[in-house]
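Here's the structure we're looking at; comments come further down.
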Amino acid sequence: MASTVQPVVTLVHRCDQLAQRFDSIFLSACMRLTERASGDASATLDDTLTDLRTTLDRCEDVVSAMLRCIYDDIPHLLDMLDRQAETDQCVPGVFASWNPKQALDDISELFYSYQDVLLSKRDLLAEFSCEQIARADFVQQWTSIDSTLTSQRKQQVDDLADLFAAF
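With our numbering applied, the sequence shown has no gaps in its numbers, which climb one by one up to 189 at the end.
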């Protein structure tokens with residue numbers, strides 16, 4: 023099982039880095055938007071909208087990388103875990119207190135949640151651009167993140183802690 027754990031560990035680490043990159047990009051945009059909404063910045067509305075569109079484009083690049091993990095890497099690793107379990111004649115997917123298959127499932131769910139966040143923020147920006155939502159409501163909704171995403175991120179961090187404790 024140890025030979026199949028290393029690629030999973032590598033993927034979990036890379037996925038954590040992608041999630042951190044998305045969080046960093048988005049948090050930075052939230053801070054800039056909050057500053058602009060409170061009148062602390064001299065940017066125009068067009069500058070702000072351009073900045074938010076750029077943020078969404080950068081977040082989309084990260085989400086695309088996340089989805090490549092889901093569609094390219096994770097199925098390959100699940101097959102590898104199953105083959106290793108057959109070879110070792112053991113219960114597949116559990117290493118010490120860490121379950122690589124569950125970790126891969128959690129990563130998939132987390133990444134789909136990031137995709138949902140991206141889509142909802144794109145829709146929100148479109149509503150604001152078409153003046154269907156007030157500025158204060160837009161800022162409040164833009165800067166809030168669904169608690170599901172937060173709990174999934176916590177689960178991923180817990181999975182990493184379990185992983186490192188297993189070694």
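Glycine included, C-beta positions come from ideal geometry on N, C-alpha and C. Keep in mind the model is a prediction, meaning the values are calculated, not measured.
Check: Looking at residue 55 and residue 164, is the spacing between their C-beta atoms short of 8 Å?
Finding: Here residue 164 is taken as the residue at index 142 of the sequence shown, counted from 1. Here residue 55 is taken as the residue at index 33 of the sequence shown, counted from 1. In this structure, residue 164 sits near residue 55, with a CB-CB distance shorter than 8 Å.
Next item on the list: List the whole-angstrom C-beta distance separating residue 65 from residue 58, where the pair is believed to meet the contact cut-off of C-beta under 8 Å.
Entry: Reading the sequence shown from its first residue, position 43 is the one you call residue 65. Reading the sequence shown from its first residue, position 36 is the one you call residue 58. Rounded, the Cβ-Cβ distance is 5 Å, consistent with contact.
Note to self: Mapping the DSSP letters down to three states, classify residue 23 as helix, strand or coil.
What the structure shows: In the sequence shown, residue 23 corresponds to position 1, counting from 1. Note that residue 23 scores 47 on pLDDT, short of 50, meaning its location in the model is unreliable and no value can be drawn from it.
Check: For residue 154, which three-state DSSP category applies?
Finding: Locating residue 154 in the sequence shown gives position 132, counting from the first residue. Residue 154 falls in the coil class under three-state DSSP.
Notebook entry, point to check: How many angstroms separate the CA atom of residue 157 from the CA atom of residue 53?
Noted result: As a first step, residue 157 must be located in the sequence shown, where it is residue number 135. As a first step, residue 53 must be located in the sequence shown, where it is residue number 31. The alpha-carbon separation between residue 157 and residue 53 amounts to approximately 15 Å.
Next item on the list: Say yes only if the C-beta of residue 54 is nearer than 7 Å to one or more non-hydrogen atoms of the ligand PLP, and no if none qualify.
Entry: Among the components of this structure there are no ligands whatsoever, and the ligand PLP is therefore not found.
Notebook entry, point to check: How would you label residue 174, buried or exposed, when you count the other beta carbons within 10 angstroms and need 16 or more for buried?
Noted result: Position 152 of the sequence shown holds residue 174. Residue burial annotation: residue 174 is buried, with at least 16 other C-beta atoms found within 10 angstroms of its C-beta.
Next item on the list: For residue 191, name the three-state secondary structure that DSSP assigns.
Entry: Since the displayed the chain opens at 23 and closes at 189, residue 191 lies outside it and no answer follows.
Next item on the list: Can you say whether residue 122 is buried or exposed, counting buried as having 16 or more other CB atoms within 10 angstroms of its CB?
Entry: Within the sequence shown, the letter at position 100 stands for residue 122. It is buried - the Cβ of residue 122 has at least 16 other Cβ atoms within 10 Å.
Checklist line | Buried/exposed call for residue 143, threshold 16 Cβ in 10 Å | finding: Residue numbering aside, residue 143 sits at position 121 when the sequence shown is read from its first letter. By the neighbour-count rule (16 or more Cβ atoms within 10 Å), residue 143 is buried.
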